[in-house]
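Chemist: Be aware that the sequence shown starts at 436, since it is given in my numbering, and climbs by one per residue.
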Amino acid sequence: MSQSADILIIGGGLSGTMLAVQLLRLPGRRKILVIEPRAELGRGEAYSAVELGHTLNGNAARMSVDPDNPDELTQWLTEHIAGGGWPESAEQDVPVSELFPPRGLFGVYVQQRLAEARRVGAQNGSSVEHIRAEVVDLQVDAGSVQLTLSDGQSLRGGYAVLATGMFPAARTPQKASSGLNAAALDPWNVTSMRQLDPQSTVLIIGSGLTMVDAVVSLEQAGHRGPIEVFSRHGLLPHVRRQPPAWVDFLGDDHSLRTPRQLLGELRRQCLAAIAQGIDWQAPLDTVRVHIARLWSQATDLQRRQFVRHVRPWWESHHHRSPPLSAQLVERLHNEGRLRIQAASFKGLESSPEDGVRIRIRRRGESESCVVQGAALINSSGIEYDWRRVARPLPQQVLARGLVQPGPLALGIAAAGDGAVLDAEGRAAGRLFAMGPPLRGMWWESTAVTDVALQAKALAARLADRSEI
Ligand SMILES: Cc1cc2nc3c(=O)[nH]c(=O)nc-3n(C[C@H](O)[C@H](O)[C@H](O)COP(=O)(O)OP(=O)(O)OC[C@H]3O[C@@H](n4cnc5c(N)ncnc54)[C@H](O)[C@@H]3O)c2cc1C
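1) Just to confirm, are E564 and L584 a CB contact at a threshold of 9 Å?
2) Please list the terminal residues of the continuous alpha helix (DSSP H) segment that includes I726.
3) DSSP on G488, reduced to helix/strand/coil?
4) Between the beta-carbon of L449 and the beta-carbon of Y594, is there less than 9 Å?
5) So, using beta-carbon positions, are I795 and I639 closer together than 9 Å?
6) Can you give me the C-alpha to C-alpha distance between A552 and F541, rounded to a whole angstrom?
7) How would you label Q704, buried or exposed, when you count the other beta carbons within 10 angstroms and need 16 or more for buried?
8) For G870, which residues in the same chain have their Cβ closer than 7 Å to its Cβ, ignoring the five residues on either side in sequence?
9) Candidates Q711, L631, G641 and S779: which alpha carbon is nearest E788's?
10) Check whether the Cβ atoms of Y544 and V485 sit closer than 9 Å, and answer yes or no.
11) For W623, tell me which candidate among E770, L644 and L856 has the shortest Cα-Cα distance.
12) Only counting the same chain, and skipping five residues up and downstream in sequence, which positions put a Cβ closer than 6 Å to that of S635?
13) Going by the DSSP bridge assignment, what does D572 pair with across the sheet?
14) Going by C-alpha to C-alpha distance, which of G488, C804, V724 and R739 sits closest to S652?
15) Rounded C-beta distance between Q438 and L468? I'm assuming under 8 Å.
16) Got a sec: does ligand 1 put a non-hydrogen atom nearer than 8 Å to the Cβ of M628?
17) Label Q696 either buried or exposed according to how many other C-beta atoms from any shown protein chain fall within 10 Å of its C-beta, with 16 as the threshold for buried.
18) Tell me, please, which residues DSSP counts as bridged to I566.
19) Give the straight-line distance between the Cα atoms of I903 and T626, rounded to the nearest whole angstrom.
20) Check V664 in the structure and name its three-state DSSP category.
21) Between which residues of its own chain and I566 is the CB-CB distance below 6 Å, once the five residues before and five after are set aside?
22) Can you name, in chain order, every residue of its own chain whose Cβ lies under 8 Å from the Cβ of K610, other than the five neighbours on each side?
23) Flag D501 as yes when its Cβ comes closer than 8 Å to any non-hydrogen atom of ligand 1, and as no otherwise.
24) For ligand 1, I want to know if N624 counts as a neighbour, meaning its beta carbon is within less than 8 Å of at least one of the ligand's heavy atoms.
25) When you compare the CB of H689 with every CB in chain D, is at least one pair closer than 9 Å?
26) Verify the contact flag: D586, CB atom, against every heavy atom of ligand 1, threshold strictly below 8 Å.
27) Tell me which residues share the same chain as Q732 and place their Cβ nearer than 7 Å to its Cβ, disregarding the 5 neighbours each side in the sequence.
28) According to DSSP, simplified to helix, strand and coil, what is P537?
29) Between which two residues does the alpha helix (DSSP H) containing S652 stretch?
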């Protein structure tokens, strides 16, 4: 069986769905197919969350998916709450714009944007259909792109977009098949955590925002025992506050380029802010809009220096924790129940019936050691290197030479307009990418605001190219 469409969107998380929304809003008549194995579009991993405690890490004022209307989420949320939705929000005595919405609710907001865009698109004769399958192969010929799906179907389209999002890290010093993820609990699955002895010790690898979510899940599940967190640098995410605006010091000075210069200047700006009684987060937040430019201008050596020396610091200071989750982590830390240790994970030793044993090496120690807990949670993040992703599509497109790894093997390489670069470095005419696969091109390419901007720009380009 074969269907055809003007545009094939591979992946129906936030990226694929927002691209469809933007395409539907544009004049012209086009048929769009979104291929996504999940039951619902607009959610992906992030917005499939079911726990109210798993919230966005920015407040409503920062998380609109409409680049032309930064207040859109606040407006939607105001109506939603007035209509009786999210009654728990009343417990927080802050304006709606300052609420940190549960991610599952954010998924509903995205889905309503899609429903509205479908109505607008229908007036032009445009449509979006969700095909529930995984794309396992992709071929490009002179006039079209052909997809092979996990159920054996094939689809043909004028253009295809890789909106495949993030793949969970399974990498350990052992092979990916070491069983780490099989032995580990899902950080977001409260039901499975309810099976644990509440007083037992839980081990967590990684100390970023997924760890924060995992701690929220454990608390929700009634766990009251020790939590041992291991991460290479032992850094916890800072809490997100609402700093005032700060002078755009990078916008004014394009001479700052090397990671060392940038860091030095940022440090000076933060100290100047603190001296004036202003939050250090204010200068830091002005850097965000310049990241893509700075990263794409940098040499590979500078990028490597950044990843090696600045990344852990950047992650903990920039990817900040929502306040309620941060308060929980701080409380458990102060009570001595949560302990964070700078240690690198060396592998899974064994996962007997009554628990799990992992090998770690503490920072500054030459010998590794084994620690044991009742359960293990892997929050060590995302696998951006497509060569290591054990899914058919990344493997196939690499093997066919349709894509090449991006800078530092982060995602895949693309031209500035999102057209992927093939193994020879030629920009594809019919194959594009957006969101997390472009991490290596822009460094920050995963957050809601990144995805929303890319979706709008790519939709306009695809609409221009489309002959319809
Ligand atoms: C747990 C979590 C929390 C987050 N919280 C925030 C936050 O608070 N604020 C923020 O700004 N950002 C947050 N992010 C970043 C967030 O990922 C992005 O905002 C957004 O989800 C990226 O959307 P995406 O569609 O590109 O990727 P994903 O959400 O990963 O979706 C990609 C989709 O593609 C599908 N797919 C993959 N391969 C194929 C294939 N071969 N065929 C068909 N379909 C395929 C997958 O099933 C998936 O549904 C969070 C991310 C995670 C994982």
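Where a beta carbon is used, it is the ideal one built from N, C-alpha and C, also for glycine. Quantities reported herein were computed from a predicted structural model and do not represent experimental measurements.
Modeler: In short:
1) no
2) I726 to Q732
3) coil
4) no
5) no
6) 17 Å
7) buried
8) S450, A598, G600, S880, T881, V886 and Q889
9) L631
10) no
11) L644
12) G660 and A809
13) T583
14) G488
15) 7 Å
16) no
17) exposed
18) I470
19) Residue placement at I903 is flagged as unreliable, the pLDDT there being 49, under the threshold of 50; the coordinate-derived value follows with that caveat. Approximately 49 Å, taken between the alpha carbons.
20) strand
21) L468 and I470
22) With a pLDDT of 46 at K610, under the threshold of 50, the modelled position of this residue cannot be trusted, and the question is left open.
23) no
24) no
25) No chain D is present in this structure, which holds just one protein chain.
26) no
27) R692
28) strand
29) L644 to Q655
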